[in-house]
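Counting in the working numbering, the final residue of the sequence shown is number 1316, and the numbers go up one at a time with none missing. Beta carbons are placed, not taken as given, at the ideal position from N, Cα and C, and that holds for glycine. In what follows, a single structure is set out as C-alpha coordinates and then discussed.
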Amino acid sequence: MDSANRHQVKPKKPGSFVGILKAIWPDVAEYRGTIVAVFIFGALISGLKSLSPEILNRLIHAWEIGDKEMAFRWPFALGGAWILSNIFTYFHLFWMKYIGEQIAVKFRRRLMDKYLTLNMSFYHEFQRGSAGLMSRMMNDIYVIQDGINNLAAVLREPFMVVGALTFALYKDWQLTLVVLLFLPFVMLVLKQIARSLRKYGHLNQESMEDLTKTLKESLDGSRIVQSYNLENEMQTRFYEQAKKFLSYRKKILSREEFSSPISESMTVLVLVPLLILVGHKIFNKELAIGEFTGFLFALGLLSDSIKKIQNAYIKLQQCSVALERMNHILSSDSTVPQPATPRPFPLDWQEIEYKDVNFSFGEHPVLSNISFTVKRGEKIALLGMSGGGKSTIVNLLERFFDPTDGQILIGGLPINEIDLKDLRNHIALVSQDTFLFSDTIEKNIRIGDMSNPQEPIEPAIEMANAKEFVSRCKEGTQTIVGDSGSRLSGGEKQRISIARAIYKNAPILILDEATSALDSNSEQEVQKGLEKLMEGRTAFIIAHRLSTIVNADRILVLKEGQIVEHGSHEVLLTQKGEYFRYYHLQR
(Lines of atoms letter the chains of each structure in order from A and count residues from 1; the text may use other names and numbers.)
(Lines give C-alpha, C1' and ligand atoms only; values in the text may rest on other atoms or scores of the structure.)
Protein backbone atom coordinates (compact mmCIF):
# COMPACT_ATOMS: atom_id res chain seq x y z
CA MET A 1 0.00 0.00 0.00
CA ASP A 2 1.38 3.45 -0.90
CA SER A 3 2.00 6.18 1.66
CA ALA A 4 -1.03 8.14 0.54
CA ASN A 5 -3.32 5.19 1.19
CA ARG A 6 -1.83 4.70 4.63
CA HIS A 7 -2.93 8.23 5.52
CA GLN A 8 -6.58 8.28 4.55
CA VAL A 9 -8.56 11.02 6.26
CA LYS A 10 -12.15 9.85 6.17
CA PRO A 11 -14.35 11.13 9.03
CA LYS A 12 -16.19 8.27 10.77
CA LYS A 13 -19.09 10.61 11.62
CA PRO A 14 -19.35 13.09 8.73
CA GLY A 15 -19.37 16.69 9.89
CA SER A 16 -18.86 15.94 13.61
CA PHE A 17 -16.04 17.55 15.53
CA VAL A 18 -14.90 14.20 16.94
CA GLY A 19 -15.10 12.52 13.53
CA ILE A 20 -13.06 15.21 11.81
CA LEU A 21 -10.54 15.38 14.66
CA LYS A 22 -10.04 11.59 14.44
CA ALA A 23 -9.64 11.86 10.68
CA ILE A 24 -6.92 14.50 10.82
CA TRP A 25 -5.34 13.44 14.12
CA PRO A 26 -2.42 11.53 12.50
CA ASP A 27 -1.43 14.83 10.90
CA VAL A 28 -2.26 17.00 13.92
CA ALA A 29 -0.53 14.69 16.41
CA GLU A 30 2.97 15.98 15.69
CA TYR A 31 1.76 19.44 16.73
CA ARG A 32 0.22 18.14 19.95
CA GLY A 33 2.37 20.54 22.01
CA THR A 34 1.04 23.49 20.04
CA ILE A 35 -2.51 22.07 20.24
CA VAL A 36 -2.18 21.88 24.03
CA ALA A 37 -1.00 25.52 24.05
CA VAL A 38 -3.98 26.51 21.87
CA PHE A 39 -6.25 24.59 24.25
CA ILE A 40 -4.75 26.35 27.30
CA PHE A 41 -5.00 29.77 25.66
CA GLY A 42 -8.64 29.01 24.83
CA ALA A 43 -9.33 28.09 28.45
CA LEU A 44 -7.61 31.27 29.68
CA ILE A 45 -9.56 33.43 27.23
CA SER A 46 -12.85 31.87 28.32
CA GLY A 47 -11.91 32.04 31.99
CA LEU A 48 -11.04 35.74 31.82
CA LYS A 49 -14.21 36.59 29.90
CA SER A 50 -16.29 34.49 32.29
CA LEU A 51 -15.07 36.71 35.14
CA SER A 52 -16.57 39.76 33.43
CA PRO A 53 -20.20 39.28 34.62
CA GLU A 54 -19.09 38.92 38.24
CA ILE A 55 -16.75 41.94 37.98
CA LEU A 56 -19.59 43.97 36.43
CA ASN A 57 -21.97 42.78 39.16
CA ARG A 58 -19.54 43.93 41.86
CA LEU A 59 -18.92 47.24 40.13
CA ILE A 60 -22.65 48.03 40.06
CA HIS A 61 -22.94 46.92 43.67
CA ALA A 62 -20.09 49.31 44.59
CA TRP A 63 -21.99 52.13 42.88
CA GLU A 64 -25.17 51.23 44.75
CA ILE A 65 -23.54 51.25 48.20
CA GLY A 66 -21.29 54.22 47.43
CA ASP A 67 -17.98 52.33 47.79
CA LYS A 68 -15.77 54.77 45.83
CA GLU A 69 -12.56 52.75 46.25
CA MET A 70 -14.05 49.58 44.74
CA ALA A 71 -15.93 51.60 42.14
CA PHE A 72 -12.48 52.87 41.06
CA ARG A 73 -10.77 49.45 41.11
CA TRP A 74 -13.32 47.24 39.38
CA PRO A 75 -13.17 49.04 35.99
CA PHE A 76 -9.41 48.37 35.90
CA ALA A 77 -10.04 44.71 36.73
CA LEU A 78 -12.62 44.49 33.92
CA GLY A 79 -10.32 46.23 31.43
CA GLY A 80 -7.33 44.12 32.48
CA ALA A 81 -9.29 40.89 32.04
CA TRP A 82 -10.30 41.86 28.50
CA ILE A 83 -6.83 43.10 27.52
CA LEU A 84 -5.27 39.83 28.71
CA SER A 85 -8.02 37.95 26.92
CA ASN A 86 -7.21 39.78 23.67
CA ILE A 87 -3.48 39.01 24.02
CA PHE A 88 -4.22 35.33 24.58
CA THR A 89 -6.65 35.42 21.63
CA TYR A 90 -3.82 36.50 19.33
CA PHE A 91 -1.65 33.49 20.24
CA HIS A 92 -4.67 31.18 20.30
CA LEU A 93 -5.75 32.07 16.75
CA PHE A 94 -2.23 32.49 15.33
CA TRP A 95 -1.07 29.02 16.34
CA MET A 96 -4.33 27.35 15.31
CA LYS A 97 -4.19 28.96 11.86
CA TYR A 98 -0.49 28.14 11.51
CA ILE A 99 -1.29 24.49 12.24
CA GLY A 100 -3.98 24.73 9.56
CA GLU A 101 -1.43 26.05 7.07
CA GLN A 102 1.01 23.24 7.87
CA ILE A 103 -1.65 20.55 7.56
CA ALA A 104 -2.83 22.05 4.25
CA VAL A 105 0.73 21.78 2.92
CA LYS A 106 0.93 18.15 4.12
CA PHE A 107 -2.36 17.28 2.45
CA ARG A 108 -1.23 18.89 -0.82
CA ARG A 109 2.03 16.94 -0.65
CA ARG A 110 0.09 13.74 -0.01
CA LEU A 111 -2.20 14.37 -2.97
CA MET A 112 0.84 15.19 -5.12
CA ASP A 113 2.47 11.91 -4.08
CA LYS A 114 -0.74 10.08 -4.96
CA TYR A 115 -1.11 11.82 -8.32
CA LEU A 116 2.42 10.78 -9.26
CA THR A 117 1.74 7.11 -8.50
CA LEU A 118 -1.71 6.77 -10.10
CA ASN A 119 -1.71 4.62 -13.20
CA MET A 120 -2.87 5.78 -16.61
CA SER A 121 -6.24 4.01 -16.22
CA PHE A 122 -7.19 6.42 -13.46
CA TYR A 123 -6.37 9.47 -15.57
CA HIS A 124 -8.28 8.02 -18.53
CA GLU A 125 -11.38 7.38 -16.44
CA PHE A 126 -11.39 10.43 -14.13
CA GLN A 127 -14.27 12.45 -15.54
CA ARG A 128 -13.01 15.97 -14.85
CA GLY A 129 -9.43 15.30 -15.85
CA SER A 130 -6.40 17.14 -14.56
CA ALA A 131 -8.45 20.28 -13.86
CA GLY A 132 -10.59 18.32 -11.39
CA LEU A 133 -7.49 17.00 -9.66
CA MET A 134 -6.05 20.52 -9.51
CA SER A 135 -9.29 21.75 -7.96
CA ARG A 136 -9.09 19.10 -5.25
CA MET A 137 -5.47 20.04 -4.62
CA MET A 138 -6.22 23.75 -4.21
CA ASN A 139 -9.92 24.44 -3.51
CA ASP A 140 -10.78 21.39 -1.41
CA ILE A 141 -7.66 21.74 0.70
CA TYR A 142 -8.54 25.40 1.31
CA VAL A 143 -11.96 24.30 2.60
CA ILE A 144 -10.28 21.73 4.87
CA GLN A 145 -7.88 24.40 6.12
CA ASP A 146 -10.79 26.72 6.88
CA GLY A 147 -12.44 23.91 8.84
CA ILE A 148 -9.25 23.30 10.83
CA ASN A 149 -9.02 27.02 11.61
CA ASN A 150 -12.55 26.87 13.02
CA LEU A 151 -11.49 24.11 15.40
CA ALA A 152 -10.12 26.99 17.49
CA ALA A 153 -13.68 28.02 18.32
CA VAL A 154 -14.58 24.43 19.17
CA LEU A 155 -11.59 24.23 21.52
CA ARG A 156 -12.32 27.63 23.10
CA GLU A 157 -16.03 28.37 23.23
CA PRO A 158 -17.18 25.35 25.31
CA PHE A 159 -15.14 26.82 28.18
CA MET A 160 -16.99 30.09 27.68
CA VAL A 161 -20.33 28.29 27.66
CA VAL A 162 -19.46 26.44 30.89
CA GLY A 163 -18.19 29.63 32.54
CA ALA A 164 -21.21 31.72 31.56
CA LEU A 165 -23.67 28.97 32.54
CA THR A 166 -21.92 28.42 35.88
CA PHE A 167 -22.21 32.12 36.71
CA ALA A 168 -25.82 32.24 35.53
CA LEU A 169 -26.80 29.15 37.55
CA TYR A 170 -25.02 30.54 40.60
CA LYS A 171 -26.89 33.83 40.34
CA ASP A 172 -30.33 32.47 39.49
CA TRP A 173 -31.06 28.91 38.43
CA GLN A 174 -34.67 29.72 37.51
CA LEU A 175 -33.68 32.37 34.96
CA THR A 176 -31.00 30.04 33.58
CA LEU A 177 -33.53 27.25 33.16
CA VAL A 178 -35.70 29.54 31.01
CA VAL A 179 -32.70 30.12 28.74
CA LEU A 180 -31.81 26.42 28.49
CA LEU A 181 -35.32 25.40 27.47
CA PHE A 182 -34.81 27.00 24.06
CA LEU A 183 -31.44 25.38 23.25
CA PRO A 184 -32.78 22.02 21.93
CA PHE A 185 -34.78 23.85 19.26
CA VAL A 186 -31.66 25.72 18.13
CA MET A 187 -29.69 22.46 17.91
CA LEU A 188 -32.46 20.79 15.89
CA VAL A 189 -32.53 23.63 13.35
CA LEU A 190 -28.72 23.58 13.16
CA LYS A 191 -28.72 19.84 12.44
CA GLN A 192 -31.13 20.33 9.53
CA ILE A 193 -28.96 23.14 8.14
CA ALA A 194 -25.87 20.94 8.41
CA ARG A 195 -27.50 18.10 6.45
CA SER A 196 -28.44 20.50 3.66
CA LEU A 197 -24.97 22.07 3.67
CA ARG A 198 -23.30 18.72 3.12
CA LYS A 199 -25.47 18.08 0.05
CA TYR A 200 -24.74 21.44 -1.53
CA GLY A 201 -21.12 21.32 -0.41
CA HIS A 202 -20.53 18.34 -2.72
CA LEU A 203 -22.31 20.05 -5.62
CA ASN A 204 -20.42 23.29 -5.00
CA GLN A 205 -17.01 21.60 -5.13
CA GLU A 206 -17.93 19.65 -8.27
CA SER A 207 -19.09 22.89 -9.88
CA MET A 208 -15.74 24.48 -9.02
CA GLU A 209 -14.02 21.55 -10.75
CA ASP A 210 -16.04 22.24 -13.90
CA LEU A 211 -15.04 25.91 -13.80
CA THR A 212 -11.38 24.99 -13.38
CA LYS A 213 -11.62 22.49 -16.24
CA THR A 214 -13.09 25.05 -18.66
CA LEU A 215 -10.50 27.65 -17.67
CA LYS A 216 -7.66 25.18 -18.17
CA GLU A 217 -8.98 24.07 -21.56
CA SER A 218 -9.37 27.69 -22.67
CA LEU A 219 -5.78 28.49 -21.72
CA ASP A 220 -4.16 25.26 -22.92
CA GLY A 221 -6.13 25.32 -26.15
CA SER A 222 -5.90 29.06 -26.78
CA ARG A 223 -4.55 28.51 -30.30
CA ILE A 224 -7.45 26.25 -31.29
CA VAL A 225 -9.97 28.49 -29.52
CA GLN A 226 -8.83 31.51 -31.52
CA SER A 227 -8.32 29.63 -34.77
CA TYR A 228 -11.86 28.21 -34.74
CA ASN A 229 -13.43 31.39 -33.29
CA LEU A 230 -14.51 29.52 -30.19
CA GLU A 231 -14.23 32.53 -27.87
CA ASN A 232 -18.01 32.88 -27.59
CA GLU A 233 -18.43 29.14 -27.06
CA MET A 234 -15.87 29.06 -24.23
CA GLN A 235 -17.28 32.26 -22.71
CA THR A 236 -20.80 30.83 -22.78
CA ARG A 237 -19.66 27.57 -21.21
CA PHE A 238 -17.69 29.39 -18.52
CA TYR A 239 -20.57 31.82 -17.80
CA GLU A 240 -23.08 28.96 -17.52
CA GLN A 241 -20.79 27.05 -15.16
CA ALA A 242 -20.12 30.21 -13.16
CA LYS A 243 -23.89 30.76 -12.93
CA LYS A 244 -24.34 27.20 -11.70
CA PHE A 245 -21.51 27.64 -9.20
CA LEU A 246 -23.10 30.89 -8.00
CA SER A 247 -26.46 29.18 -7.51
CA TYR A 248 -24.83 26.58 -5.24
CA ARG A 249 -22.94 29.27 -3.37
CA LYS A 250 -26.23 31.14 -2.89
CA LYS A 251 -27.83 28.04 -1.38
CA ILE A 252 -24.82 27.48 0.89
CA LEU A 253 -24.66 31.12 2.00
CA SER A 254 -28.41 31.25 2.65
CA ARG A 255 -28.06 28.26 4.95
CA GLU A 256 -24.88 29.50 6.61
CA GLU A 257 -26.41 32.87 7.40
CA PHE A 258 -29.75 31.36 8.46
CA SER A 259 -28.22 30.05 11.67
CA SER A 260 -27.38 33.53 12.97
CA PRO A 261 -30.92 34.97 12.71
CA ILE A 262 -32.21 31.77 14.31
CA SER A 263 -29.91 32.35 17.27
CA GLU A 264 -30.88 36.02 17.46
CA SER A 265 -34.58 35.15 17.26
CA MET A 266 -34.16 32.58 20.01
CA THR A 267 -32.46 35.23 22.13
CA VAL A 268 -35.43 37.56 21.64
CA LEU A 269 -37.88 34.77 22.42
CA VAL A 270 -35.90 33.99 25.56
CA LEU A 271 -35.82 37.64 26.63
CA VAL A 272 -39.61 38.03 26.65
CA PRO A 273 -40.38 35.50 29.41
CA LEU A 274 -37.01 36.23 30.99
CA LEU A 275 -37.74 39.95 31.44
CA ILE A 276 -41.22 39.18 32.79
CA LEU A 277 -39.70 36.83 35.35
CA VAL A 278 -36.93 39.34 36.16
CA GLY A 279 -39.50 42.10 36.72
CA HIS A 280 -41.40 39.85 39.07
CA LYS A 281 -38.24 39.05 41.04
CA ILE A 282 -37.12 42.69 41.25
CA PHE A 283 -40.56 43.85 42.42
CA ASN A 284 -40.49 41.16 45.12
CA LYS A 285 -36.91 42.12 46.15
CA GLU A 286 -35.67 38.67 45.09
CA LEU A 287 -33.16 40.05 42.59
CA ALA A 288 -30.99 43.17 42.59
CA ILE A 289 -30.56 45.21 39.41
CA GLY A 290 -26.77 44.78 39.63
CA GLU A 291 -27.12 41.01 39.80
CA PHE A 292 -29.44 41.03 36.78
CA THR A 293 -26.97 43.19 34.84
CA GLY A 294 -24.24 40.62 35.49
CA PHE A 295 -26.65 37.82 34.55
CA LEU A 296 -27.59 39.61 31.32
CA PHE A 297 -23.91 40.10 30.48
CA ALA A 298 -23.29 36.38 31.05
CA LEU A 299 -26.27 35.63 28.82
CA GLY A 300 -24.70 37.78 26.09
CA LEU A 301 -21.41 35.88 26.39
CA LEU A 302 -23.32 32.59 26.26
CA SER A 303 -25.25 33.66 23.16
CA ASP A 304 -22.06 34.83 21.43
CA SER A 305 -20.30 31.54 22.20
CA ILE A 306 -23.21 29.47 20.89
CA LYS A 307 -23.19 31.50 17.65
CA LYS A 308 -19.44 30.89 17.24
CA ILE A 309 -19.89 27.17 17.85
CA GLN A 310 -22.72 27.17 15.30
CA ASN A 311 -20.51 28.87 12.72
CA ALA A 312 -17.67 26.43 13.42
CA TYR A 313 -20.07 23.49 13.10
CA ILE A 314 -21.24 24.77 9.71
CA LYS A 315 -17.64 25.15 8.50
CA LEU A 316 -16.91 21.63 9.71
CA GLN A 317 -19.70 20.30 7.46
CA GLN A 318 -17.94 21.74 4.42
CA CYS A 319 -14.60 20.52 5.77
CA SER A 320 -16.05 17.02 6.05
CA VAL A 321 -17.22 17.12 2.41
CA ALA A 322 -13.75 18.19 1.27
CA LEU A 323 -12.13 15.45 3.38
CA GLU A 324 -14.39 12.85 1.74
CA ARG A 325 -13.47 14.12 -1.73
CA MET A 326 -9.77 14.08 -0.90
CA ASN A 327 -10.11 10.59 0.57
CA HIS A 328 -11.77 9.43 -2.65
CA ILE A 329 -8.47 10.11 -4.41
CA LEU A 330 -6.18 8.88 -1.62
CA SER A 331 -8.11 5.62 -1.23
CA SER A 332 -8.06 4.88 -4.95
CA ASP A 333 -6.32 1.59 -5.71
CA SER A 334 -5.45 2.78 -9.22
CA THR A 335 -1.76 2.71 -8.46
CA VAL A 336 0.82 0.41 -9.99
CA PRO A 337 1.87 -1.74 -7.02
CA GLN A 338 5.55 -1.94 -6.16
CA PRO A 339 6.56 -5.60 -5.60
CA ALA A 340 6.82 -6.67 -1.97
CA THR A 341 10.45 -7.71 -2.54
CA PRO A 342 11.64 -5.71 -5.56
CA ARG A 343 14.28 -7.36 -7.72
CA PRO A 344 16.84 -5.44 -9.78
CA PHE A 345 16.51 -5.13 -13.53
CA PRO A 346 18.25 -8.18 -15.09
CA LEU A 347 21.26 -6.65 -16.84
CA ASP A 348 22.05 -9.88 -18.69
CA TRP A 349 18.60 -10.16 -20.27
CA GLN A 350 18.38 -11.50 -23.82
CA GLU A 351 14.70 -11.19 -24.65
CA ILE A 352 11.38 -9.56 -23.78
CA GLU A 353 8.38 -11.88 -23.82
CA TYR A 354 4.68 -11.02 -23.89
CA LYS A 355 2.91 -14.17 -22.72
CA ASP A 356 -0.88 -14.48 -23.21
CA VAL A 357 -1.39 -10.81 -22.32
CA ASN A 358 -4.94 -9.46 -22.04
CA PHE A 359 -5.94 -5.95 -21.05
CA SER A 360 -9.23 -4.10 -20.59
CA PHE A 361 -10.26 -0.57 -19.67
CA GLY A 362 -13.15 -1.36 -17.35
CA GLU A 363 -15.54 -3.48 -19.43
CA HIS A 364 -13.88 -2.52 -22.71
CA PRO A 365 -11.33 -5.12 -23.94
CA VAL A 366 -8.24 -3.59 -25.57
CA LEU A 367 -5.80 -6.51 -25.99
CA SER A 368 -6.61 -10.19 -26.39
CA ASN A 369 -4.11 -13.07 -26.07
CA ILE A 370 -1.04 -11.09 -27.10
CA SER A 371 2.05 -13.32 -27.27
CA PHE A 372 5.39 -12.52 -28.91
CA THR A 373 9.09 -12.39 -28.11
CA VAL A 374 11.60 -9.63 -28.86
CA LYS A 375 15.31 -10.47 -28.93
CA ARG A 376 17.79 -8.03 -27.46
CA GLY A 377 18.81 -5.49 -30.09
CA GLU A 378 15.80 -6.31 -32.30
CA LYS A 379 13.62 -3.57 -33.77
CA ILE A 380 9.92 -4.40 -33.63
CA ALA A 381 7.29 -2.28 -35.37
CA LEU A 382 3.64 -2.21 -34.31
CA LEU A 383 1.14 -1.34 -37.02
CA GLY A 384 -2.63 -1.05 -36.97
CA MET A 385 -5.63 1.24 -36.97
CA SER A 386 -6.12 3.77 -34.17
CA GLY A 387 -7.48 2.07 -31.07
CA GLY A 388 -6.00 -1.27 -32.08
CA GLY A 389 -3.89 -1.55 -28.92
CA LYS A 390 -0.43 -0.54 -30.19
CA SER A 391 0.25 2.09 -27.51
CA THR A 392 -1.26 -0.14 -24.84
CA ILE A 393 1.34 -2.84 -25.59
CA VAL A 394 4.24 -0.48 -24.88
CA ASN A 395 2.44 1.19 -21.95
CA LEU A 396 2.23 -2.23 -20.32
CA LEU A 397 5.98 -2.65 -20.73
CA GLU A 398 6.60 0.49 -18.65
CA ARG A 399 3.88 -0.61 -16.21
CA PHE A 400 1.74 2.47 -16.74
CA PHE A 401 -0.91 -0.24 -16.29
CA ASP A 402 -0.69 -3.93 -15.47
CA PRO A 403 -2.21 -6.66 -17.70
CA THR A 404 -5.64 -7.96 -16.82
CA ASP A 405 -4.24 -11.44 -17.51
CA GLY A 406 -0.92 -12.83 -18.67
CA GLN A 407 2.67 -11.77 -18.09
CA ILE A 408 5.44 -9.67 -19.55
CA LEU A 409 8.93 -10.99 -18.84
CA ILE A 410 12.38 -9.48 -19.33
CA GLY A 411 15.15 -12.07 -19.21
CA GLY A 412 12.61 -14.55 -17.86
CA LEU A 413 11.73 -12.27 -14.93
CA PRO A 414 8.14 -10.96 -14.68
CA ILE A 415 8.28 -7.17 -14.82
CA ASN A 416 5.91 -6.84 -11.86
CA GLU A 417 8.69 -8.35 -9.72
CA ILE A 418 11.25 -5.77 -10.87
CA ASP A 419 11.74 -2.56 -8.90
CA LEU A 420 9.46 -0.09 -10.70
CA LYS A 421 11.98 2.76 -10.87
CA ASP A 422 14.74 0.40 -11.97
CA LEU A 423 12.49 -0.97 -14.73
CA ARG A 424 11.70 2.51 -16.05
CA ASN A 425 15.34 3.57 -15.79
CA HIS A 426 16.08 1.02 -18.53
CA ILE A 427 13.39 2.26 -20.93
CA ALA A 428 13.46 5.49 -22.95
CA LEU A 429 10.30 6.94 -24.48
CA VAL A 430 9.86 9.26 -27.46
CA SER A 431 6.19 9.89 -28.18
CA GLN A 432 4.11 12.03 -30.50
CA ASP A 433 2.88 14.01 -27.49
CA THR A 434 6.23 15.62 -26.83
CA PHE A 435 6.20 17.13 -23.37
CA LEU A 436 8.81 19.69 -22.38
CA PHE A 437 8.97 21.37 -19.01
CA SER A 438 8.93 25.16 -18.86
CA ASP A 439 12.67 25.27 -18.25
CA THR A 440 15.90 25.40 -20.22
CA ILE A 441 16.85 23.13 -23.11
CA GLU A 442 19.60 21.70 -20.91
CA LYS A 443 17.25 20.83 -18.05
CA ASN A 444 14.80 19.19 -20.46
CA ILE A 445 17.58 16.94 -21.77
CA ARG A 446 19.14 16.18 -18.40
CA ILE A 447 15.89 14.83 -16.96
CA GLY A 448 16.67 11.79 -19.10
CA ASP A 449 19.21 10.85 -16.42
CA MET A 450 19.16 12.98 -13.27
CA SER A 451 21.71 10.71 -11.58
CA ASN A 452 24.67 12.04 -13.57
CA PRO A 453 24.53 15.87 -13.67
CA GLN A 454 28.17 16.17 -14.83
CA GLU A 455 27.66 14.16 -18.02
CA PRO A 456 27.87 16.54 -21.03
CA ILE A 457 24.68 16.89 -23.08
CA GLU A 458 26.36 18.08 -26.30
CA PRO A 459 26.87 14.55 -27.75
CA ALA A 460 23.17 13.81 -27.26
CA ILE A 461 22.22 17.12 -28.93
CA GLU A 462 24.45 16.35 -31.90
CA MET A 463 23.18 12.77 -32.31
CA ALA A 464 19.59 14.06 -32.21
CA ASN A 465 20.34 16.47 -35.09
CA ALA A 466 19.49 19.35 -32.75
CA LYS A 467 22.89 21.08 -32.69
CA GLU A 468 22.10 23.52 -35.48
CA PHE A 469 18.89 24.95 -34.06
CA VAL A 470 20.23 24.98 -30.47
CA SER A 471 23.26 26.99 -31.62
CA ARG A 472 20.90 29.50 -33.25
CA CYS A 473 19.18 30.13 -29.93
CA LYS A 474 20.50 33.29 -28.27
CA GLU A 475 20.99 31.58 -24.91
CA GLY A 476 22.02 28.22 -26.39
CA THR A 477 21.20 25.32 -24.09
CA GLN A 478 20.10 27.83 -21.43
CA THR A 479 17.20 28.95 -23.61
CA ILE A 480 13.83 28.71 -21.86
CA VAL A 481 11.53 26.59 -24.03
CA GLY A 482 8.28 28.07 -22.69
CA ASP A 483 5.15 26.38 -21.40
CA SER A 484 5.16 22.81 -22.83
CA GLY A 485 7.87 23.93 -25.27
CA SER A 486 5.68 26.65 -26.81
CA ARG A 487 8.72 28.65 -28.02
CA LEU A 488 9.96 25.78 -30.18
CA SER A 489 8.61 24.27 -33.39
CA GLY A 490 7.22 20.73 -33.48
CA GLY A 491 10.40 19.37 -35.05
CA GLU A 492 12.62 21.20 -32.56
CA LYS A 493 10.64 19.87 -29.61
CA GLN A 494 10.84 16.34 -30.99
CA ARG A 495 14.60 16.56 -31.42
CA ILE A 496 14.98 17.73 -27.82
CA SER A 497 12.86 14.72 -26.84
CA ILE A 498 15.19 12.44 -28.84
CA ALA A 499 18.26 14.06 -27.24
CA ARG A 500 16.68 13.36 -23.86
CA ALA A 501 16.26 9.67 -24.77
CA ILE A 502 19.84 9.46 -26.10
CA TYR A 503 21.13 11.08 -22.90
CA LYS A 504 19.23 8.49 -20.85
CA ASN A 505 21.15 5.75 -22.69
CA ALA A 506 18.57 3.07 -21.89
CA PRO A 507 18.79 -0.34 -23.59
CA ILE A 508 15.06 -0.42 -24.45
CA LEU A 509 13.52 2.24 -26.64
CA ILE A 510 9.86 3.07 -27.31
CA LEU A 511 9.03 5.28 -30.31
CA ASP A 512 5.31 6.00 -30.15
CA GLU A 513 4.31 7.87 -33.34
CA ALA A 514 7.48 9.92 -32.88
CA THR A 515 7.25 11.62 -36.30
CA SER A 516 3.50 11.57 -36.98
CA ALA A 517 2.93 15.27 -36.31
CA LEU A 518 5.88 16.56 -38.36
CA ASP A 519 6.17 17.89 -41.89
CA SER A 520 8.42 16.12 -44.42
CA ASN A 521 11.52 18.25 -43.78
CA SER A 522 11.20 18.03 -40.01
CA GLU A 523 10.50 14.30 -40.27
CA GLN A 524 13.72 13.72 -42.20
CA GLU A 525 15.77 15.57 -39.58
CA VAL A 526 14.06 13.76 -36.72
CA GLN A 527 14.36 10.40 -38.50
CA LYS A 528 18.13 10.83 -38.69
CA GLY A 529 18.19 11.35 -34.94
CA LEU A 530 15.96 8.34 -34.38
CA GLU A 531 18.21 6.09 -36.47
CA LYS A 532 21.19 7.07 -34.34
CA LEU A 533 19.12 6.59 -31.20
CA MET A 534 18.09 3.03 -32.20
CA GLU A 535 21.64 1.85 -32.84
CA GLY A 536 22.43 -1.02 -30.46
CA ARG A 537 19.07 -0.79 -28.69
CA THR A 538 15.92 -2.88 -28.55
CA ALA A 539 13.25 -0.71 -30.13
CA PHE A 540 9.47 -0.78 -30.20
CA ILE A 541 8.30 1.41 -33.08
CA ILE A 542 4.69 2.55 -33.39
CA ALA A 543 3.79 4.41 -36.56
CA HIS A 544 1.09 4.90 -39.16
CA ARG A 545 3.59 5.91 -41.84
CA LEU A 546 5.09 2.80 -43.41
CA SER A 547 8.26 4.73 -44.28
CA THR A 548 9.06 4.69 -40.56
CA ILE A 549 8.75 0.93 -40.10
CA VAL A 550 9.80 -0.80 -43.33
CA ASN A 551 13.34 -1.28 -42.01
CA ALA A 552 12.21 -2.92 -38.76
CA ASP A 553 13.41 -6.48 -38.13
CA ARG A 554 9.81 -7.57 -37.62
CA ILE A 555 6.41 -5.97 -37.97
CA LEU A 556 3.42 -6.94 -35.83
CA VAL A 557 0.07 -6.03 -37.39
CA LEU A 558 -2.73 -5.52 -34.87
CA LYS A 559 -6.46 -5.54 -35.47
CA GLU A 560 -9.07 -5.17 -32.73
CA GLY A 561 -6.53 -5.93 -30.03
CA GLN A 562 -5.08 -9.06 -31.61
CA ILE A 563 -1.93 -9.79 -33.61
CA VAL A 564 -3.20 -10.85 -37.03
CA GLU A 565 0.13 -10.84 -38.93
CA HIS A 566 3.83 -10.72 -38.15
CA GLY A 567 7.02 -10.83 -40.15
CA SER A 568 9.42 -8.62 -42.09
CA HIS A 569 8.29 -6.02 -44.63
CA GLU A 570 9.07 -8.33 -47.55
CA VAL A 571 7.41 -11.39 -46.02
CA LEU A 572 4.22 -9.50 -45.14
CA LEU A 573 3.91 -8.10 -48.65
CA THR A 574 3.94 -11.61 -50.08
CA GLN A 575 1.09 -12.64 -47.75
CA LYS A 576 -1.19 -9.98 -49.27
CA GLY A 577 -3.08 -9.48 -46.01
CA GLU A 578 -3.63 -6.49 -43.72
CA TYR A 579 -0.09 -5.19 -44.13
CA PHE A 580 -0.33 -5.46 -47.91
CA ARG A 581 -3.53 -3.38 -47.76
CA TYR A 582 -1.88 -0.72 -45.56
CA TYR A 583 1.09 -0.58 -47.88
CA HIS A 584 -0.94 0.05 -51.00
CA LEU A 585 -3.19 2.60 -49.25
CA GLN A 586 -0.12 4.78 -48.57
CA ARG A 587 1.54 4.45 -51.96
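_DSSP state of residue 1110 mapped onto helix, strand, coil_ = strand
*In three-state terms, what does DSSP make of residue 891?*
helix
*What span of residues does the alpha helix (DSSP H) with residue 915 cover, start to end?*
912-949
_Please state whether the Cβ-Cβ distance between residue 999 and residue 896 is less than 8 Å._
no
*asked:* Assuming residue 773 and residue 817 are in contact, meaning their beta carbons sit under 8 Å apart, how far apart are those beta carbons, in whole angstroms?
replied: 5 Å
*How big is the Cα-Cα spacing for residue 1147 and residue 1064?*
16 Å
*residue 1288 by DSSP, collapsed to three states: which one?*
strand
*In or out: residue 916 buried (at least 16 other Cβ within 10 Å) or exposed?*
exposed
*Look at residue 1096 and residue 1306 and say whether their C-beta atoms are less than 8 Å apart.*
no
*When the distance is taken between beta carbons, is residue 1099 closer than 8 Å to residue 1111?*
no
*Would you call the CB atoms of residue 821 and residue 924 closer than 8 Å?*
no
*So, is residue 1173 buried or exposed, given that buried needs 16 or more other C-beta atoms within 10 angstroms?*
buried
*Got a sec, what are the start and stop residues for the alpha helix (DSSP H) residue 1314 sits in?*
1307-1314
*Could you check the C-alpha separation between residue 768 and residue 1015 for me, to the nearest Å?*
39 Å
*By Cβ distance below 6 Å, which residues in the same chain neighbour residue 789 in space, the five residues on each side in sequence not counted?*
1019, 1022
*Distance, Cα to Cα, residue 941 vs residue 861?*
7 Å
*Rounded straight-line distance, which links the Cα of residue 1168 to that of residue 1198*: 17 Å
*asked:* Going by the DSSP bridge assignment, what does residue 838 pair with across the sheet?
replied: None, per the DSSP bridge assignment.
_So that I know if they touch, is there some Cβ in chain D lying closer than 8 Å to that of residue 1159?_
Annotation note: the requested chain D is absent from the structure, which comprises a single protein chain.
*Pull up the distance between the alpha-carbon of residue 1101 and that of residue 967, whole angstroms please.*
49 Å
*Answer yes or no: do residue 1120 and residue 1271 have a C-beta to C-beta separation smaller than 8 Å?*
yes
*In chain order, what residues of the same chain lie with their CB nearer than 8 Å to the CB of residue 1126, ignoring the 5 residues before and after it?*
1081, 1137, 1144, 1156, 1237, 1239, 1269
*In three-state DSSP terms, what is residue 1094?*
strand
*Which residues bound the alpha helix (DSSP H) around residue 1230?*
1219-1233
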